[in-house]
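Enquirer: Below is one structure. I have some questions about it.
Residue numbers (our numbering), protein chains in the order written: chain A, 1 to 641; chain B, 1 to 337.
Right, here's the structure in full:
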């Protein structure tokens with residue numbers, strides 16, 4: 001489902017090289033496209049995530065820039081043919097800066113009527129819809145809610161329709177493979193993938209290699225899938241395309257030189273944490289986690305990294321997950337835990353303990369739509385209040401947000417730096433979209449990652465557990481096993497001067513001030529807030545955080561191309577804010593804050609800086625479209641004018 | 001370094017003890033420091049982890065490392081300590097509300113996982129620190145501020161809970177019976193894996209005398225069954241009473257040597273590896289039966305961290321992981337300028 005699952009591809013390096021020439025074309029005429037948005041949609045069991053993922057691999061290896069958007073239901077295998085069982089994978093790829101998964105589709109591959117009815121509205125007028133006619137049976141039409149067959153009643157008139165009997169074509173392609181008819185039907189997705197790879201002039205070697213590896217123990221299945229893939233491709237090469245449909249070529253992206261791979265936010269974050277652990281010089285990372293959508297993939301990725309000093313622990317519940325991480329940090333490891341909103345809520349009390357005991361800890365929240373169980377597989381960024389304010393007592397901690405899949409790597413490192421340098425819990429806010437979305441990643445120069453080695457206290461002379469660094473206010477990290485430093489700590493208030501339990505009123509005031517001051521002081525140790533695009537003053541600044549980076553960036557860029565005075569500010573450090581943020585924002589006439597929540601950052605900005613920030617809020621479980629933000633930008637500026 | 005032998009007082013911290021005068025916790029602390037001294041444990045390698053409640057103040061009073069955490073979560077925190085450093089010697093201190101109510105899930109899982117910890121359950125059958133409400137081990141009908149007409153819930157039997165959770169070690173002791181308590185603590189320490197010790201602990205303020213029925217000096221010999229592996233299950237001041245299987249049933253019964261033809265041949269011999277026997281022994285209760293004390297179950301199995309770190313060591317034979325190789329694993333491609 002998630003991108004992480006296909007790392008098994010592990011292609012030989014040579015096969016993965018850039019193709020310098022496209023495959024020979026039977027048809028010379030290929031129109032060129034700057035970028036294309038394709039969505040593969042079908043039943044949960046139709047293999048749409050794998051299909052999309054493989055298309056992504058081929059698009060990336062072909063030199064495209066890309067962004068993906070896997071969108072799947074919470075149900076694992078909903079009843080076949082139902083609208084709530086539709087799983088979709090969207091990819092936007094091309095030669096120009098591809099920052100979002102795309103506002104509207106150029107191509108929709110709908111493997112059944114339910115996939116058609118739930119996705120067709122996103123297809124741009126004149127766009128191409130590919131359907132398998134064999135599954136447009138009366139029963140499937142009824143399950144999808146069609147009164148009449150949309151292939152026959154003119155429903156699809158606004159679009160180009162490619163109605164193919166993919167079922168029969170697949171069955172023919174695999175006839176010689178010696179598999180059952182049920183297994184043959186499961187190859188339909190590869191046939192469709194083959195056709196799409198032909199249509200956009202992509203290679204298919206990586207997919208063939210992957211199929212043969214995935215089904216190594218079932219060679220007949222492997223060869224059937226390869227046959228279906230090749231047949232779909234050959235169909236494009238040879239058959240008369242209905243409706244004048246032709247093949248396209250998509251130019252390569254002009255990316256900076258270097259080594260690239262595709263990466264999901266989950267992978268990048270896992271590796272960022274690992275890089276941070278390395279920079280901190282901590283020998284062991286203990287990851288305590290409890291399965292929850294959409295956070296579990298981080299557990300899955302880290303579980304495979306034991307040789308890197310990672311110990312993963314699938315705890316009995318969310319509370320045990322964070323507590324195991326706290327226990328590990330207490331004993332000198334890097335404790336990390338991860339969940340999504342409902343699970344984060346359960347961890348709250350334990351976060352307070354880590355704040356009070358002043359232990360390094362990283363808490364990753366892959367946000368999903370709430371409240372309560374909400375929409376488990378749909379993205380949202382509505383846990384910002386929870387992260388910044390959601391604990392009993394005055395209990396400050398640092399909050400960071402990731403903005404793109406590859407940004408997750410840097411944020412992972414930064415989270416470790418802050419957690420260890422300030423002996424504090426750090427919450428990393430990512431979301432369901434970032435966790436699963438993939439993009440090309442220019443591999444970083446690992447030798448250039450700064451080191452920030454931790455030092456464990458060993459000297460018993462003058463020791464007490466709440467001795468502080470005068471600059472950072474971080475307390476010493478004194479771990480069990482160290483002779484002479486035996487001490488007792490906990491969640492009761494501690495004396496500033498000895499670390500012993502203290503009920504002294506003045507001491508509680510001082511300790512509260514110290515805890516606040518320590519976190520506030522992080523603002524001096526993080527980069528000043530910069531402007532992502534545009535001037536440092538003007539009519540409008542669009543302020544965002546998290547996974548809205550792509551659509552905001554694209555919208556601001558387009559608005560600027562129209563001559564509008566608009567800039568983008570995207571905040572990574574949400575608590576504390578960068579020291580210059582308020583002053584920077586005050587240089588703009590208007591402040592627009594798009595968020596996938598009911599208005600959380602906008603409230604924080606207003607209350608912190610007393611600035612008249614305005615919200616643009618969307619909670620549909622889907623990312624912002626560029627057009628939505630652009631419209632809001634124009635409305636604000638026209639309003640001003 | 002604590003290379004020379006230390007006295008029990010050396011295992012006491014400089015903190016002023018804040019338990020009520022006469023609290024059973026004092027006796028447990030005394031037995032603990034005696035145990036630590038007898039075992040010559042290194043203070044710097046020893047960690048006490050606790051949750052919340054009267055019992056959970058325990059770590060403050062021991063001169064080792066101590067972590068007083070949050071209500072019910074000590075087993076989970078202690079598990080994390082072991083994941084970071086399995087060489088540490090970790091004791092977990094819980095009360096009955098802490099370990100069996102709010103933290104019941106963690107107690108369940110730490111036992112079935114068999115994490116190498118000594119888990120001490122101070123059972124006083126009442127909530128002390130919150131001023132006397134009924135606890136999960138309170139007997140049905142307990143009158144308390146929260147149950148003025150008597151509690152409705154059936155009590156948990158900690159031993160039955162532990163055996164059900166798959167515990168490999170379960171023992172019982174009484175706070176003021178120091179030799180037995182020290183012996184049981186040592187046995188728990190020697191057991192490699194999760195070792196749960198239920199300590200009957202008297203709360204002088206809210207549940208005074210809860211265990212007098214079998215701990216009072218006048219009746220203790222007759223109402224306690226001290227278990228020793230390989231020894232017949234005899235009790236009573238003159239050791240004339242014993243347990244046997246009631247013929248034709250799977251039930252225990254109390255018999256008297258010399259009466260109705262009962263001889264030593266009839267008396268059950270304690271087998272600490274027998275889970276079925278343990279399951280019956282933990283349920284014995286007055287007035288019909290004596291209360292089983294001592295090591296009821298000791299049947300070691302590989303501990304969680306032994307298995308985990310052995311597997312990790314196996315993987316590390318291929319050499320430590322390289323971040324560079326990790327990033328370049330899978331499909332990469334070059335963009336040439």
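Cβ coordinates follow ideal geometry from the N, Cα and C atoms, glycine included.
All values derive from a computational prediction rather than experimental measurement.
Give a yes or no on whether 8 Å exceeds the smallest Cβ distance from residue 316 of chain A to chain B.
Expert: On the first chain, position 316 is the one that residue 316 of chain A refers to. For residue 316 of chain A, the answer is yes, since a Cβ of chain B falls inside 8 Å of its Cβ.
Enquirer: Threshold first: 3 residues or longer. Then list the beta strand (DSSP E) segments lying entirely within the region 419-494 of chain A, N to C.
Expert: Entirely contained in the region 419-494 of chain A, the beta strand (DSSP E) runs reaching 3 residues are, in chain order, 425-431, 438-442 and 488-490.
Enquirer: In its own chain, which residues sit with a C-beta less than 7 Å from the C-beta of residue 204 of chain A, not counting the 5 before and 5 after it?
Expert: Here residue 204 of chain A corresponds to residue number 204 of the first chain, with the count starting at 1. Taken in chain order, the residues that qualify are 58, 194, 197, 229 and 233.
Enquirer: Helix, strand or coil, according to DSSP, for residue 21 of chain A in the structure here?
Expert: Locating residue 21 of chain A in the first chain gives position 21, counting from the first residue. With a pLDDT of 34 at residue 21 of chain A, under the threshold of 50, the modelled position of this residue cannot be trusted; read the value that follows with caution. Reduced to three states, the DSSP call for residue 21 of chain A is coil.
Enquirer: Taking three-plus beta-carbon pairs below 8 Å as touching, is the region 257-265 of chain A in contact with the region 322-334 of chain B?
Expert: Verdict: yes, contact present.
Enquirer: Excluding the five sequence neighbours on either side, which residues of its own chain have a C-beta within less than 8 Å of the C-beta of residue 117 of chain A, listed in chain order?
Expert: As a position in the first chain, residue 117 of chain A is number 117, starting the count at 1. Result list for residue 117 of chain A: 83, 144, 145, 146 and 150, in chain order.
Enquirer: Does the distance from the C-beta atom of residue 141 of chain A to that of residue 158 of chain A stay below 8 Å?
Expert: Position 141 of the first chain holds residue 141 of chain A. Position 158 of the first chain holds residue 158 of chain A. Going by C-beta atoms, residue 141 of chain A is not nearer than 8 Å to residue 158 of chain A.
Enquirer: Quick check on residue 440 of chain A: buried or exposed, where buried means 16 or more other Cβ atoms within 10 Å of its Cβ?
Expert: Here the question's residue 440 of chain A lines up with position 440 in the first chain. Result: buried.
Enquirer: Who are residue 312 of chain A's beta bridge partners in DSSP?
Expert: Counting from one through the first chain, the residue named residue 312 of chain A turns up at place 312. Residue 312 of chain A pairs with A:287.
Enquirer: Among B:292, B:283 and B:304, which has the Cα closest to the Cα of residue 155 of chain B?
Expert: As a position in the second chain, residue 155 of chain B is number 155, starting the count at 1. Cα-wise, what sits closest to residue 155 of chain B is B:283.
Enquirer: So with Cβ pairs under 8 Å, would you call residue 41 of chain B a contact of chain A?
Expert: Translated into the one-based positions of the second chain, residue 41 of chain B becomes position 41. Not closer than 8 Å to any Cβ of chain A, the Cβ of residue 41 of chain B fails to qualify, so no.
Enquirer: So what's residue 254 of chain A in DSSP terms, helix, strand or just coil?
Expert: Here residue 254 of chain A refers to the residue found at position 254 of the first chain. Coil at residue 254 of chain A, not helix or strand.
Enquirer: Is there a Cβ from chain A that is less than 8 Å from the Cβ of residue 146 of chain B?
Expert: Counted from its first residue, the second chain places residue 146 of chain B at position 146. So no, residue 146 of chain B is outside the interface.
Enquirer: Determine, for residue 298 of chain A, whether the minimum Cβ-Cβ distance to residues of chain B falls below 8 Å.
Expert: Counted from its first residue, the first chain places residue 298 of chain A at position 298. With 8 Å as the cut-off, residue 298 of chain A does not count as an interface residue toward chain B.
Enquirer: For residue 342 of chain A, which of A:292, A:546 and A:474 has the nearest alpha-carbon?
Expert: To locate residue 342 of chain A, count along the first chain from 1; it is residue 342. Nearest option by C-alpha distance: A:292.
Enquirer: Quick check on the burial criterion: 16 or more other C-beta atoms within 10 angstroms. Buried or exposed for residue 325 of chain B?
Expert: Counting from one through the second chain, the residue named residue 325 of chain B turns up at place 325. With fewer than 16 other Cβ atoms within 10 Å, it is exposed.
Enquirer: I need the straight-line Cα distance from residue 287 of chain B to residue 31 of chain B, nearest angstrom please.
Expert: Walking along the second chain from the start, residue 287 of chain B turns up at place 287. Walking along the second chain from the start, residue 31 of chain B turns up at place 31. Rounded to the nearest angstrom, the two C-alpha atoms are 29 Å apart.
Enquirer: What's the gap between the Cα of residue 274 of chain B and the Cα of residue 299 of chain B?
Expert: As a working mapping, residue 274 of chain B is identified with position 274 in the second chain. As a working mapping, residue 299 of chain B is identified with position 299 in the second chain. Cα to Cα, residue 274 of chain B sits roughly 8 Å from residue 299 of chain B.
Enquirer: Exposed or buried, which one is residue 635 of chain A when buried takes at least 16 other CB atoms within 10 Å?
Expert: For the purposes of this step, residue 635 of chain A is taken as residue 635 along the first chain, with counting starting at 1. With fewer than 16 Cβ atoms within 10 Å of its Cβ, residue 635 of chain A is classed as exposed.
Enquirer: Taking all protein chains shown into account, do 16 or more other C-beta atoms lie within 10 angstroms of the C-beta of residue 138 of chain B, making it buried, or fewer, making it exposed?
Expert: Sequence index remark: in the second chain, residue 138 of chain B carries index 138 (1-based). With 16 or more other Cβ atoms within 10 Å, it is buried.
Enquirer: Restricting to Cα atoms, I'd like to know which of A:588, A:333, A:448 and A:617 is closest to residue 644 of chain A.
Expert: A question about residue 644 of chain A goes unanswered here, because the residues of chain A that appear run from 1 up to 641.
Enquirer: If you follow the beta strand (DSSP E) that residue 337 of chain A is part of, which residue opens it and which one closes it?
Expert: Counted from its first residue, the first chain places residue 337 of chain A at position 337. First-last of the beta strand (DSSP E) with residue 337 of chain A: 334-339.
Enquirer: Please list, in chain order, all residues of the same chain as residue 77 of chain B whose beta carbon is under 7 Å from its beta carbon, the five residues on each side excluded.
Expert: Within the second chain, residue 77 of chain B is the residue found at index 77, counting from 1. Excluding sequence neighbours, residue 77 of chain B sits near 49, 67 and 69.
Enquirer: Excluding sequence positions up to five away, which residues of its chain have a Cβ less than 6 Å from the Cβ of residue 71 of chain A?
Expert: Reading the first chain from its first residue, position 71 is the one you call residue 71 of chain A. Correct list, in chain order: 88.
Enquirer: Can you tell me whether DSSP reads residue 114 of chain B as helix, strand or coil?
Expert: On the second chain, residue 114 of chain B is found 114 positions in, with the first residue counted as 1. If DSSP states are grouped into helix, strand and coil, residue 114 of chain B belongs with coil.
Enquirer: What is the DSSP secondary structure of residue 233 of chain A, counted as helix, strand or coil?
Expert: On the first chain, position 233 is the one that residue 233 of chain A refers to. Of the three classes helix, strand and coil, the one that applies to residue 233 of chain A here is helix, per DSSP.
Enquirer: How big is the Cα-Cα spacing for residue 266 of chain B and residue 256 of chain B?
Expert: One-based indexing of the second chain puts residue 266 of chain B at position 266. One-based indexing of the second chain puts residue 256 of chain B at position 256. Distance between the alpha carbons of residue 266 of chain B and residue 256 of chain B: 10 Å.
Enquirer: Please state the DSSP three-state secondary structure of residue 171 of chain B.
Expert: As a working mapping, residue 171 of chain B is identified with position 171 in the second chain. Reduced to three states, the DSSP call for residue 171 of chain B is strand.
Enquirer: Can a CB atom of chain A be found closer than 8 Å to the CB of residue 63 of chain B?
Expert: Your numbering for residue 63 of chain B matches position 63 in the second chain. Yes, residue 63 of chain B lies at the interface with chain A (some Cβ there is under 8 Å from its Cβ).
Enquirer: Nearest by alpha-carbon distance to residue 81 of chain A: which of A:337, A:199 and A:115 is it?
Expert: Stepping through the first chain from its first residue, residue 81 of chain A is reached at position 81. For residue 81 of chain A, the nearest C-alpha among the options comes from A:115.
Enquirer: When DSSP builds the beta bridges, which residues end up paired with residue 253 of chain B?
Expert: For the purposes of this step, residue 253 of chain B is identified with residue 253 of the second chain, where counting begins at 1. Paired residues: B:244.
Enquirer: If the cut is a Cβ gap below 9 Å, which residues of chain B does residue 446 of chain A touch?
Expert: Residue mapping note: residue 446 of chain A aligns to position 446 of the first chain, counting from 1. Within 9 Å Cβ-Cβ: 323, 324 and 327.
Enquirer: Assuming contact is defined by CB atoms lying nearer than 8 Å, are residue 196 of chain B and residue 162 of chain B in contact in what I supplied?
Expert: Along the second chain, one-based indexing puts residue 196 of chain B at 196. Along the second chain, one-based indexing puts residue 162 of chain B at 162. Yes, they are a contact pair.
Enquirer: Taking the Cβ atom as the reference point for each residue, do residue 432 of chain A and residue 367 of chain A lie within a distance shorter than 8 Å?
Expert: Counting from one through the first chain, the residue named residue 432 of chain A turns up at place 432. Counting from one through the first chain, the residue named residue 367 of chain A turns up at place 367. Contact: yes.
Enquirer: In whole angstroms, give me the CA-to-CA distance for residue 483 of chain A and residue 44 of chain B.
Expert: Here the question's residue 483 of chain A lines up with position 483 in the first chain. Here the question's residue 44 of chain B lines up with position 44 in the second chain. If you take the alpha carbons of residue 483 of chain A and residue 44 of chain B, they lie about 5 Å apart.
Enquirer: With burial defined as no fewer than 16 other Cβ atoms inside 10 Å of the residue's Cβ, what is the status of residue 182 of chain A: buried or exposed?
Expert: Stepping through the first chain from its first residue, residue 182 of chain A is reached at position 182. Exposed is the call here.
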